[in-house]
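2 protein chains.
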Amino acid sequence: MAMKLNERGLLVVISGPSGVGKGTVRKALFDRENHNLEYSVSMTTRPPRIGETDGIDYFFVSKKQFEQRIKNEKLLEYAEFVGNYYGTPIDYVEERLDKGKEVVLEIEVQGAMQVRERMPDAVFIFIAPPSRQALRDRITKRATEPERIINKRMQKAEREFGMAHKYDYIVVNDTVENAADRIMAIIRAEHAKTERSIHKYMKILEVE
Amino acid sequence: MAMKLNERGLLVVISGPSGVGKGTVRKALFDRENHNLEYSVSMTTRPPRIGETDGIDYFFVSKKQFEQRIKNEKLLEYAEFVGNYYGTPIDYVEERLDKGKEVVLEIEVQGAMQVRERMPDAVFIFIAPPSRQALRDRITKRATEPERIINKRMQKAEREFGMAHKYDYIVVNDTVENAADRIMAIIRAEHAKTERSIHKYMKILEVE
Numbered sequence: 073m074a075m076k077l078n079e080r081g082l083l084v085v086i087s088g089p090s091g092v093g094k095g096t097v098r099k100a101l102f103d104r105e106n107h108n109l110e111y112s113v114s115m116t117t118r119p120p121r122i123g124e125t126d127g128i129d130y131f132f133v134s135k136k137q138f139e140q141r142i143k144n145e146k147l148l149e150y151a152e153f154v155g156n157y158y159g160t161p162i163d164y165v166e167e168r169l170d171k172g173k174e175v176v177l178e179i180e181v182q183g184a185m186q187v188r189e190r191m192p193d194a195v196f197i198f199i200a201p202p203s204r205q206a207l208r209d210r211i212t213k214r215a216t217e218p219e220r221i222i223n224k225r226m227q228k229a230e231r232e233f234g235m236a237h238k239y240d241y242i243v244v245n246d247t248v249e250n251a252a253d254r255i256m257a258i259i260r261a262e263h264a265k266t267e268r269s270i271h272k273y274m275k276i277l278e279v280e
Numbered sequence: 073m074a075m076k077l078n079e080r081g082l083l084v085v086i087s088g089p090s091g092v093g094k095g096t097v098r099k100a101l102f103d104r105e106n107h108n109l110e111y112s113v114s115m116t117t118r119p120p121r122i123g124e125t126d127g128i129d130y131f132f133v134s135k136k137q138f139e140q141r142i143k144n145e146k147l148l149e150y151a152e153f154v155g156n157y158y159g160t161p162i163d164y165v166e167e168r169l170d171k172g173k174e175v176v177l178e179i180e181v182q183g184a185m186q187v188r189e190r191m192p193d194a195v196f197i198f199i200a201p202p203s204r205q206a207l208r209d210r211i212t213k214r215a216t217e218p219e220r221i222i223n224k225r226m227q228k229a230e231r232e233f234g235m236a237h238k239y240d241y242i243v244v245n246d247t248v249e250n251a252a253d254r255i256m257a258i259i260r261a262e263h264a265k266t267e268r269s270i271h272k273y274m275k276i277l278e279v280e
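For the record, the sequence lines run as chains U and V.
If you want my numbering, it's the position in the first sequence, counting the first as 1, plus 72.
If you want my numbering, it's the position in the second sequence, counting the first as 1, plus 72.
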């Protein structure tokens with residue numbers, strides 16, 4: 073494969089504690105005009121629900137296919153949840169990056185740490201709540217489950233809080249638009265980073 | 073002095089080869105609305121010209137005063153040029169940073185390397201021309217001097233070209249507005265960087 077030093081996009085990992093509003097921020101990003109983002113479609117072994125389309129909502133595969141991918145290291149990250157696998161297919165991501173797209177992954181903290189190992193040059197963004205109380209309110213408001221489940225979820229969020237230092241950036245979700253602005257600025261700045269742009273710059277220096 | 077972990081501004085060093093348009097980009101930044109930037113006023117031993125105001129155009133000081141500052145390490149960087157000193161007073165910069173301002177230095181490559189040693193957590197931005205020819209055109213167009221001087225200036229620019237890898241970011245000055253946009257994005261992203269924002273984040277985590 074030929075080296076494509078300039079055109080390759082960034083892998084942008086948006087993560088953070090459960091209930092912080094990762095999905096809302098991600099949607100706000102994609103609602104913007106003139107972006108060059110592409111959402112990474114996950115792969116799952118759970119059966120499609122009514123209205124879900126293969127390749128758009130998820131890539132729907134069999135358990136055998138998924139386990140083959142695990143074995144062949146064809147997943148950037150994966151997890152098992154209530155008997156089903158969920159993961160990010162590496163070939164899909166690589167193809168989009170090579171096309172110059174900024175590929176956005178919106179994943180849980182555990183998954184982000186797996187991606188870090190496979191793709192160290194990805195950009196890792198931790199979405200943080202404006203306060204611990206704000207996150208508590210969000211989890212409580214959203215939940216239709218009994219208090220025991222809510223407490224469990226809050227405990228999970230508390231553990232995930234402690235992972236912020238493993239990320240490149242911390243983006244406070246004070247308002248969704250502010251958070252989206254910050255992420256767009258991060259993507260723009262990352263492209264200008266010397267270690268990413270020096271090859272392009274060396275081409276400028278070549279005698280015409 | 074009390075630690076002010078959150079409010080402190082960034083020191084933003086805008087530099088690059090002679091003739092690349094650093095000054096124009098810097099002016100475009102300051103023309104923007106709602107910025108929090110402050111331009112660092114240089115100190116010089118050259119006498120004020122008509123219309124120049126002390127503390128606005130330069131801090132005008134005596135040679136003795138300047139050399140005392142060199143001795144006491146009260147300058148972020150300095151150089152001698154045609155018998156006069158030019159430099160950046162460190163106390164002025166620190167005071168503005170503590171007030172939460174983003175202090176912008178627009179300086180030559182040699183000066184930027186001096187700042188790097190004194191303030192390693194500053195943000196170093198190398199302004200690059202869109203092509204070597206573009207820089208040649210700029211230097212030629214601007215110059216009212218004989219060809220020998222122009223060639224000398226071009227040679228200096230060529231040497232300065234090679235310093236890009238010592239900067240944090242390379243911002244191509246394809247258009248002034250694009251370059252200014254990129255710098256604003258860099259400032260915003262730098263504030264979200266984990267190593268700069270983790271202390272603020274830790275405060276969020278404190279129980280209210």
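Cβ coordinates follow ideal geometry from the N, Cα and C atoms, glycine included.
Owing to the predicted nature of the structure, the values given are computational and were not obtained by experimental measurement.
Burial state of V:P119, where buried means 16 or more other Cβ atoms lie within 10 Å: Taking all protein chains shown into account, V:P119 has fewer than 16 neighbouring C-beta atoms within 10 Å of its C-beta and is therefore exposed.
Neighbour-count burial assignment, U:I86, 16 or more Cβ in a 10 Å radius: The residue is buried, with at least 16 neighbouring Cβ atoms inside 10 Å.
Does the separation of the CB atoms of V:Y157 and V:T116 fall below 8 Å? Result yes, Cβ atoms of V:Y157 and V:T116 sit closer than 8 Å.
Starting from U:H237, find everything on chain V with Cβ-Cβ shorter than 7 Å and list it in chain order. T266 and I270, listed in chain order.
DSSP on V:K146, reduced to helix/strand/coil? V:K146: coil per DSSP, three-state reduction.
Boundaries (first-last residue) of the beta strand (DSSP E) holding U:E178: Under the DSSP assignment, U:E178 falls in the beta strand (DSSP E) whose first and last residues are E174 to E178.
Where U:L277 meets chain V, residues with beta-carbon distance less than 8 Å: Those are R204 and F233, listed as they occur along chain V.
Can you name the residues of chain V whose CB is closer than 9 Å to the CB of U:R80? Chain V residues near U:R80: none, gap ~16 Å exceeds 9 Å.
Check whether the stretch 88-101 of chain V touches the stretch 264-271 of chain V, taking contact to mean three or more Cβ pairs, one atom from each stretch, closer than 8 Å. By the C-beta criterion, the stretch 88-101 of chain V is judged not to be in contact with the stretch 264-271 of chain V, since fewer than 3 inter-stretch pairs fall below 8 Å.
Cβ pair U:I142, U:Y150 closer than 8 Å: Result yes, Cβ atoms of U:I142 and U:Y150 sit closer than 8 Å.
Per DSSP, what kind of secondary structure is U:S269 in: helix, strand or coil? In the structure shown, U:S269 sits in a helix (DSSP, three-state: H, G or I).
Give the residues of chain U in contact with V:R188, contact being defined as C-beta atoms less than 7 Å apart. For V:R188, no chain U residue has a Cβ inside 7 Å of its Cβ, as the nearest lies near 13 Å away.
Where does V:N245 sit, in a helix, a strand or coil, going by DSSP? Coil, per DSSP.
Per DSSP, cross-strand counterpart(s) of V:A200: Paired residue(s): V:V244.
Within the continuous alpha helix (DSSP H) that includes U:Y164, where are the two ends? Per DSSP, U:Y164 is one residue of the alpha helix (DSSP H) stretching across I162 to D170.
Of all the CB atoms in chain U, is at least one closer than 8 Å to the CB of V:R210? No, V:R210 does not count as interfacial toward chain U.
Can you tell me whether DSSP reads U:A251 as helix, strand or coil? Helix, per DSSP.
Hey, V:Y239 and V:I197: beta-carbon distance below 8 Å or not? Yes.
State the DSSP-derived secondary structure class of U:E124, mapped to helix, strand or coil. It is coil, neither helix nor strand.
Just by C-beta distance, which residues in the stretch 237-261 of chain V are closer than 9 Å to chain U? Going along the stretch 237-261 of chain V in chain order, one finds H237, K238, Y239, D240, Y241, I242, V243, V244, D253, R254, I255, M256, A257, I258, I259, R260 and A261 with a Cβ nearer than 9 Å to chain U.
Any beta-carbon of chain U closer than 8 Å to the one on V:A200? At least one beta carbon of chain U lies nearer than 8 Å to the beta carbon of V:A200.
Report buried or exposed for V:M191, applying the criterion of at least 16 other Cβ atoms within 10 angstroms of its Cβ. V:M191 is buried by the Cβ-count criterion.
Contact check, U:R98 vs U:V176 under 8 Å by CB: the rounded distance? Contact flag correct, Cβ pair sits at about 6 Å.
is_contact[U:E158, chain V] using C-beta, thresh 8 Å: The identity of residue 158 of chain U in the sequence shown is Tyr, whereas the question assumes Glu. Contact of U:Y158 with chain V is not assigned, every C-beta pair being separated by 8 Å or more.
Pairs of beta-carbons, one from the stretch 244-262 of chain U and one from the stretch 247-267 of chain V, closer than 8 Å: are there three or more? Counting Cβ pairs under 8 Å, three or more are found: they touch.
Within 10 angstroms of its Cβ, does U:E174 collect 16 or more other Cβ (buried), or is it exposed? By the neighbour-count rule (16 or more Cβ atoms within 10 Å), U:E174 is buried.
Proximity of V:R104 and V:G172 at Cβ, strictly below 8 Å: Result no, Cβ atoms of V:R104 and V:G172 do not sit closer than 8 Å.
Coarse secondary structure for U:A151, derived from DSSP in three states: Correct three-state label for U:A151: strand.
Please go through the same chain and pick out, in chain order, the residues whose beta-carbon is closer than 7 Å to the beta-carbon of U:L207, but skip the five residues on each side of it. These residues qualify, in order along the chain: P89, G91, V92, P201 and A229.
Compute the beta-carbon to beta-carbon distance between V:D226 and V:I211, rounded to the nearest angstrom, for a pair I have assumed lies under 8 Å. Reading off the sequence, residue 226 of chain V comes out as Met, not Asp. So it is a contact: roughly 6 Å between Cβ atoms.
For V:N223, does the three-state DSSP call read helix, strand or coil? Per DSSP, reduced to three states, the secondary structure at V:N223 is helical.
Reduced DSSP category for V:E139 - H, G, I as helix; E, B as strand; rest coil: Three-state DSSP puts V:E139 in a helix.
Is any beta-carbon of chain U found at less than 8 Å from that of V:Y273? So yes, V:Y273 belongs to the interface.
With a threshold of 6 Å on Cβ separation, who are the neighbours of U:D246 within its own chain once the five nearest residues in sequence on each side are excluded? Contacts found: P202.
Of all the options V:K135, V:E219 and V:Q205, which has the alpha carbon lying nearest to the alpha carbon of U:K275? For the residues V:K135, V:E219 and V:Q205, the minimum Cα distance to U:K275 belongs to V:Q205.
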